Amino acid sequence: MLYFGEEDDGLVTFFQNLGDCFESSRFADITIRTADDEYKVHKLILCNHSPFFSRMLEHGWKESLEGVVELKDDDPQAIKAMLSFMYKFDYTNPADGCAASFIFDAQLFAVAEKYIMEGLKSCVEEKFHQSILSDWKSEDYPDVIRGVFGIPTTDPSLRDTLVQVSCSNINELIEKDGFKSALNDVPGFAVQLVTRLAGCKPATSRNRLGL
Numbered sequence: 001m002l003y004f005g006e007e008d009d010g011l012v013t014f015f016q017n018l019g020d021c022f023e024s025s026r027f028a029d030i031t032i033r034t035a036d037d038e039y040k041v042h043k044l045i046l047c048n049h050s051p052f053f054s055r056m057l058e059h060g061w062k063e064s065l066e067g068v069v070e071l072k073d074d075d076p077q078a079i080k081a082m083l084s085f086m087y088k089f090d091y092t093n094p095a096d097g098c099a100a101s102f103i104f105d106a107q108l109f110a111v112a113e114k115y116i117m118e119g120l121k122s123c124v125e126e127k128f129h130q131s132i133l134s135d136w137k138s139e140d141y142p143d144v145i146r147g148v149f150g151i152p153t154t155d156p157s158l159r160d161t162l163v164q165v166s167c168s169n170i171n172e173l174i175e176k177d178g179f180k181s182a183l184n185d186v187p188g189f190a191v192q193l194v195t196r197l198a199g200c201k202p203a204t205s206r207n208r209l210g211l
């Protein structure tokens, strides 16, 4: 979310209008197709947010010539959220329920990683971190662990956040059968948690939040 002072009315109007462009096909010059929907968007926006799309649309790839980018292998809601972020610098999580909400964030994080969108990754990570600080108490927390660790990624930031939060609240969590079940179901999480508890956190697992 962007915030401006009263003296920045022009900027506020500009960003409001930019956000509205996502809902309109006016001046759109490229189409993004998912498994569920398609979006009329703008090359300038895509290319300035993502080096992936910049390379695709600047160098005569098929997508650039035909004016259509097929993203049917990705989660449709995650692509919609990614595109929304490009215009609004924020996104809405459409998931219903605690576990589903965090798992969606992890899916969106993976999409942002795939399309080289560091700004979106930082936004997702901040939201994920702020929410999990209280939602670790939820009965759905074990499902969050299973879901997040089940999504392939080369950036361990969200996983590290779960490990750190679990470590900080281990005395309460270890009394819960659901949490102990998650330890059995997700060996990678269990190993990282034990390592963290032993004070030997791997040096490669530091995330943007310093955790």
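The sequence shown runs 1 to 211 under full-length UniProt numbering. Glycine residues also receive a C-beta, built at the ideal position from the N, C-alpha and C atoms. Computed from a prediction, not measured in an experiment: that's the story for all the values here.
- Excluding five sequence positions before and after Arg-196, the CB atoms of its chain that fall closer than 6 Å to its own CB belong to Val-163, Cys-167, given in chain order.
- Taking the CA atoms as reference points, Ala-190 sits about 22 Å from Ala-110.
- The alpha-carbon separation between Ile-32 and Pro-76 amounts to approximately 11 Å.
- By the neighbour-count definition (other C-beta atoms within 10 Å, threshold 16), Ala-35 is an exposed residue.
- At a cut-off of 4 residues, the continuous stretches assigned as alpha helix (DSSP H) that sit fully inside the stretch 84-159 are 98-114, 118-135, 141-149.
- Residue environment: Ser-50 is assigned as buried (16 or more neighbouring CB atoms within 10 Å of its CB, all protein chains considered).
- A distance of 9 Å or more separates the beta carbons of Ala-106 and Gly-60.
- By the criterion of a C-beta distance shorter than 8 Å, Pro-152 is surrounded in its chain by Ala-110, once the five residues flanking it on both sides are discounted.
- Secondary structure of Val-165 (DSSP, three-state): helix.
- A contact between stretches requires three or more CB pairs, one per stretch, nearer than 8 Å, and the stretch 137-146 meets this requirement with the stretch 82-98.
- A distance below 8 Å between beta-carbons, with the five flanking residues on each side excluded, links Ile-132 to the following residues of its chain, in chain order: Phe-102, Val-144, Thr-161, Leu-162, Val-165.
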